[in-house]
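> Okay, here's the structure, questions in a sec.
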Amino acid sequence: MKTKHVIDLESLSIEELMEIIELANEIMKDPGEYSDVCRGKILATLFYEPSTRTQMSFKTAMLRLGGSIIGFDNPQNSSVSKGESLKDTITVVGGYADIIAIRHSLEGAAKAASLYSAAPVINAGDGGHLHPTQTLTDVVTLYNEKGTLDNMTIGLCGDLKNGRTVHSLIKTMSHFKGNRFVLISTPELTVPQYIKDIMNASGCRYTEVRSLAEAIPELDVLYMTRIQRERFKNYEEYEKQKGVFVLDREKMRLARHDMKILHPLPRVDEIAEDVDYDDRAKYLIQTVYGMYARMALIMKMLENADRKPMPRQFDTHNVRCSNPNCISYTEEYLPRIFHPLGGDMLLCKYCEARNLI
Amino acid sequence: MKTKHVIDLESLSIEELMEIIELANEIMKDPGEYSDVCRGKILATLFYEPSTRTQMSFKTAMLRLGGSIIGFDNPQNSSVSKGESLKDTITVVGGYADIIAIRHSLEGAAKAASLYSAAPVINAGDGGHLHPTQTLTDVVTLYNEKGTLDNMTIGLCGDLKNGRTVHSLIKTMSHFKGNRFVLISTPELTVPQYIKDIMNASGCRYTEVRSLAEAIPELDVLYMTRIQRERFKNYEEYEKQKGVFVLDREKMRLARHDMKILHPLPRVDEIAEDVDYDDRAKYLIQTVYGMYARMALIMKMLENADRKPMPRQFDTHNVRCSNPNCISYTEEYLPRIFHPLGGDMLLCKYCEARNLI
Amino acid sequence: MKTKHVIDLESLSIEELMEIIELANEIMKDPGEYSDVCRGKILATLFYEPSTRTQMSFKTAMLRLGGSIIGFDNPQNSSVSKGESLKDTITVVGGYADIIAIRHSLEGAAKAASLYSAAPVINAGDGGHLHPTQTLTDVVTLYNEKGTLDNMTIGLCGDLKNGRTVHSLIKTMSHFKGNRFVLISTPELTVPQYIKDIMNASGCRYTEVRSLAEAIPELDVLYMTRIQRERFKNYEEYEKQKGVFVLDREKMRLARHDMKILHPLPRVDEIAEDVDYDDRAKYLIQTVYGMYARMALIMKMLENADRKPMPRQFDTHNVRCSNPNCISYTEEYLPRIFHPLGGDMLLCKYCEARNLI
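Structure below.
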């Protein structure tokens, strides 16, 4: 694998992505063969924001490869991040560990970490921005449960406006041929325009609908997510609408026999508990695919990892990203790096916010 | 070992219990022989309620068998248990780990976990209900320090009403022949009637006394526990009584030369610090026996562990357990499962509370 | 190594210290050779006070030797230290682990732990008192970056009054020949008299200066530390003085080409971020030397470790140490042990406070 850091799944080529998926499947067939491949290697899980599930998945993956773990999960109670820059922490930990998984509440934090780390960096979630190993989990699940990544009708249900896993899954599945998306949400919570642009650019068809029951009969895959109560216009709207986006046994009767249900978890009440016993429910076993996906990713990233940190000179701008949730807004020493988008528009390389000069 | 989950030590046969005790002794003789038997295996320690001592004992046991650890110890600061059911967490972790040790503040939580876990579950304490590995520790200590589990006069001192380790030890030792119990407490803190029923049913003699000094000369074993200040009727009673249940050098002078002192720890002031230097004090070394006991238990449970989760269909009642500390009271999706006790009485299979229909 | 517990670096002989430094260098040359030497061994990191950085360094060291880890980092949220004496915790953990690293907010806590631990104890910081593995890190860094430990002009800048790492480094470097110290601080924050006594006794020259810019040209080594704002006499003084003790590119222009900069980290703003790109900056790589230093220390301590706890009889005084930050002040069962200093003066063996009888 040529890519050193995995900040965004989009930065991998389709070949690299397929290599990881296929390695995940190889490991799944015979895990014992891989139980020693990372012997002597250390994964640092730097969780600036607690996410016990994601952290356990990374730890399990590394331990099942024979490696070991350092890190933290509770920085507000710890001494890291009190009066130490992300840069210093990453430089130090990049000297201790062979690979780093970082979770942070600020957008672009994993990108910023990758500038200073001698060890390869995996983005384990940066605010509402990206969470590439969740999408990798989704894709490995689809590949195994459907046998293909092409020519599927993929329903996505819930909060499609704010759901980073939804956006990322659409982006990734748009690279495969013949996929069609059915977007199931309230009018207020539909996908952002830039996601529509991506579907259009890749030639993927999509439809927007307002009812799960109407959409479900034609789906090969249903990707469920939660709509938080506070996303509805008001309480009346919430009371009126909530059942429309809940998957239950009744709606399952309308679905195909080979439709598969995915969910990034945690599930609250958007999938009724008794759907768990339906053979089409794959959202719990999905986490096991996620473990294998992370095992494959870690193996591939360690394979050719150099230990060179980034170049010291950056082409730094005099403007500063205006997104208050961007890591470069808080950690002021960070180089101000942008992609020019044409005209007066700059795309922040940390958080991907658009800035007008 | 045929029993898959160890929720209650009572669910093991005496043969299974003796197998574990004897394996613990084998490991103790030559720990190096066992340092690799769990290589590649993962223990998840899911501590919904912090208990650093118990968690360290489990972790040490697994590490000394060559295995590794995932888990959490601080869920209120973590994202687990925030808006995720015990069922979902256990299903996911049961996919990551080979064996699970769960600690929870609600009664019956380990039983509930065992319904959904593909991996074997060990109860590491569920509220005031059960704590089988503590009792296993006590029994391994007795077996080593006394050379037998039969024909002993066992004193139990302190809060015998609320002490789950006291109840559990009496239940277990009642299965062995010729044991006699001397119950040393205030009149308010004597053992519950159902424990007396068990001793009577098994033909074990017992006496209830009010003074440690009077009881101590005839004891083979003294099991000390703490009486919390708030358990006394009032402050005057506390001041008057407290010394009566404290073990000190003076009382030790009245004890046999081969009497052994046990304590589940932590000790506060119910055993004076200078008793530690008496050769009969076994409450500190007891924790080392506990480590070997847990090593043996983990080995035995992993030996024949299948990966089949429980059947999906439960014989669920329309009544709900009325114990507000029962896990089934909080996690409402749980099947309502009871043992009929005859008449209108049902025994909750989670918390063992009696319910009148 | 004959010394069992490492509470104070001063308790090692120079031969023992050099053995550790040389082993650290051996490991650094070929870490793969050492990746299994502690297989099956357990390090307990008992952090009664959180220090994520130090704890990660110890954990990494043990894992890179093939060992494993138990412990805690957050006792206020845990059940340890709630109603359990340090003695009981240490006795229990000393039965679980092969070696213990303890961090505590009270002075003398590591010494107290060593009285009861069957396993060797490393002091990972006891309040403002000692932090020997930081000094070991500093010395390993110097030995590698300068090629010698003799005949250097060593500048120490910042809060020299309260900085325990400064005091410890001066003490250690005074044992090597020909070293000279340049002490750079405000008049209020100069080194204590007993440190001057040590330099005088060992025949080391020292000068006290008030400006980093003036001192820097003659230095072989610059050891930077932070002056906390509240250490200045008042806010005006802080505003006036703060720049004087900040290292920036401008001051670096005055320094020798082979001067090396060290810092115990975390750095706040006493070293400007762009100094990081100067080849003379060694404060970040210093943490990697620290990892090798701890690997060497752990190896040496485990080599000949007996499992005998301390003798049970102590020569206990009837006076009590008057330092309220001393562990013996809080944990009252501890033996009251002192070195007689002559006259009516006693030196507390825990915290090294002087007590007048």
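Read top to bottom, the protein sequences are chains A, B and C.
Residues in the first sequence are numbered from 1 upward in steps of one, following the numbering used here.
Residues in the second sequence are numbered from 358 upward in steps of one, following the numbering used here.
Residues in the third sequence are numbered from 715 upward in steps of one, following the numbering used here.
All residues carry an ideal CB built from backbone N, CA and C; glycine is no exception.
#1: Look at R1008/C and D988/C and say whether their C-beta atoms are less than 7 Å apart.
#2: Got a sec: which bits of the stretch 997-1012 of chain C sit with their beta carbon under 8 Å from any beta carbon on chain A, in order along the chain?
#3: Give the straight-line distance between the Cα atoms of S462/B and G485/B, rounded to the nearest whole angstrom.
#4: Under 9 Å Cβ-Cβ, which residues of chain A neighbour L979/C?
#5: Tell me whether the beta-carbon of I69/A lies closer than 7 Å to the beta-carbon of K59/A.
#6: Apart from the five residues just before and just after V209/A, which ones in its own chain have a Cβ nearer than 8 Å to its Cβ?
#7: Looking at chain A, is there any beta carbon in it that lies within less than 7 Å of the beta carbon of K1014/C?
#8: Nearest chain B C-beta to F895/C closer than 7 Å, yes or no?
#9: With a 10 Å radius around its C-beta and 16 neighbouring C-beta atoms as the bar for buried, classify Y762/C as buried or exposed.
#10: Let me make sure I understand the geometry here. Which of E237/A, T186/A, N355/A has the alpha-carbon closest to that of T225/A?
#11: Taking Cβ to Cβ, would you say A469/B is nearer than 7 Å to Y646/B?
#12: Could one say the Cβ of Y1043/C lies closer than 7 Å to chain B's Cβ atoms, at least one of them?
#13: Strictly below 7 Å CB to CB, what residues from chain C border V625/B?
#14: Could you tell me which chain C residues have their CB closer than 8 Å to the CB of T417/B, listed as they occur along the chain?
#15: Taking the DSSP output, what are the residues bridged to P340/A?
#16: Below 8 Å between beta carbons is the criterion; list the residues of the stretch 721-754 of chain C that meet it against any residue of chain A, in chain order.
#17: For a contact meaning CB atoms closer than 8 Å, what does N431/B contact in chain A?
#18: Closer than 7 Å by beta-carbon distance: list the chain B residues that pair up with Y277/A, in chain order.
#19: Cα separation between V244/A and I459/B?
#20: In chain order, what residues of the same chain lie with their CB nearer than 7 Å to the CB of M152/A, ignoring the 5 residues before and after it?
#21: Which residue from N948/C, D972/C, R981/C, Y949/C puts its Cα closest to that of L961/C?
#22: Determine the burial state of M419/B: buried for a count of at least 16 other Cβ atoms within 10 Å of its Cβ, exposed for fewer.
#23: Classify I1051/C: buried if its beta carbon has 16 or more other beta carbons within 10 angstroms, exposed otherwise.
#24: Among the candidates H881/C, R753/C, R1026/C, L870/C, whose CA atom is the shortest distance from the CA of A984/C?
#25: Under three-state DSSP, which class holds R778/C?
#26: Between the stretch 478-498 of chain B and the stretch 521-531 of chain B, can you find at least three pairs of beta-carbon atoms closer than 8 Å?
#27: Is the distance from the Cβ of Y719/C to the Cβ of P846/C below 7 Å?
#28: Please list, in chain order, the residues of the stretch 331-356 of chain A that have any C-beta partner in chain C closer than 8 Å.
#29: Tell me the DSSP secondary structure of K755/C in three-state form.
#30: For the 8 Å Cβ check, are there 3 or more pairs between the stretch 306-322 of chain A and the stretch 340-357 of chain A?
#31: Using CA coordinates, which residue listed in R1068/C, A738/C, E1017/C is at the minimum distance from V752/C?
#32: Cα-Cα, which of S51/A, G66/A, G343/A, E26/A is closest to E42/A?
#33: For my contact list, M715/C and M1005/C are in at a C-beta cut-off of 8 Å; report their separation, rounded to the angstrom.
#34: So the beta strand (DSSP E) K617/B belongs to, where does it begin and stop?
#35: Is it right to say F176/A is buried, meaning 16 or more other beta carbons lie within 10 angstroms of its own, or is it exposed?
#36: Using beta carbons (cut-off 7 Å, strictly below), is E250/A in contact with chain B?
For this structure:
#1: no
#2: From the stretch 997-1012 of chain C, only L998, I999, T1001, V1002, M1005 have a Cβ closer than 8 Å to chain A.
#3: 8 Å
#4: E84, D88, V92
#5: yes
#6: V182, L183, I184, A215
#7: no
#8: no
#9: Under this definition Y762/C is a buried residue.
#10: T186/A
#11: no
#12: no
#13: G797
#14: I756, I784, Y810, A811
#15: L346/A
#16: G746, S749
#17: N74
#18: R669
#19: 37 Å
#20: K146, N179, D220, V221
#21: R981/C
#22: buried
#23: buried
#24: Correcting the residue identity first, residue 984/C is Glu in this sequence and not Ala. Answer by Cα proximity: L870/C.
#25: helix
#26: Yes, since at least three Cβ pairs between the stretch 521-531 of chain B and the stretch 478-498 of chain B fall closer than 8 Å, the two stretches touch.
#27: As written in the sequence, residue 719/C is His, which differs from the Tyr given in the question. P846/C is positioned such that its CB atom lies no closer than 7 Å to that of H719/C.
#28: Y333
#29: coil
#30: yes
#31: Per the sequence presented here, residue 752/C reads as Cys, with Val not at that position. Ranking the options by Cα distance to C752/C, first place goes to E1017/C.
#32: In the sequence on display, residue 42/A carries Ile and not Glu. If we check each option's Cα against that of I42/A, G66/A comes out closest.
#33: Contact flag wrong, Cβ pair sits at about 19 Å.
#34: 617-619
#35: buried
#36: no
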